[in-house]
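These notes concern the structure reproduced below.
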């Protein structure tokens, strides 16, 4: 399973994508846990003080927000699922 990372999260993970291995049935949460285990520097960028996914971080599952279009972190994923992690973005 592969995570696509954007903006400064790429720097924290030393790359724009990170492959993670998940055994058995997987969810966004288990995929995120595997990502953070393989790239611990990302944890301070995407988790809040309670070790939960920070409100300002966006996750996409096959291009859709799993919190709006699915079951949030409990959304089922598999090897073919495209996962993406976005930090807050500002512009002007």
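Residue numbers (our numbering): 14 to 105.
C-beta atoms are modelled at their ideal positions from N, C-alpha and C, and glycine is treated no differently.
| Query | Result |
| --- | --- |
| 8 Å CB neighbourhood of residue 78 in its chain, flanking five on each side removed | 71, 72 |
| First and last residue of the uninterrupted beta strand (DSSP E) at residue 41 | Note, residue 41: premise wrong, no beta strand (DSSP E); alpha helix (DSSP H) at 41 to 51. |
| Top-ranked residue by Cα proximity to residue 14, from 25, 44, 20 | 44 |
| Backbone secondary structure at residue 107 - three-state DSSP | Given a span of 14 to 105 for the chain in the structure shown, any question on residue 107 remains unanswerable. |
| C-beta neighbour in chain C for residue 29, strict 8 Å | This model lacks chain C altogether, as it is built from one protein chain only. |
| Cβ contact check for the region 33 to 40 and the region 85 to 93: 3 or more pairs under 8 Å | yes |
| Simplified DSSP state of residue 99, which is helix, strand or coil | strand |
| Nearest residue (CA-CA) to residue 33, options 23, 50, 25, 20 | 50 |
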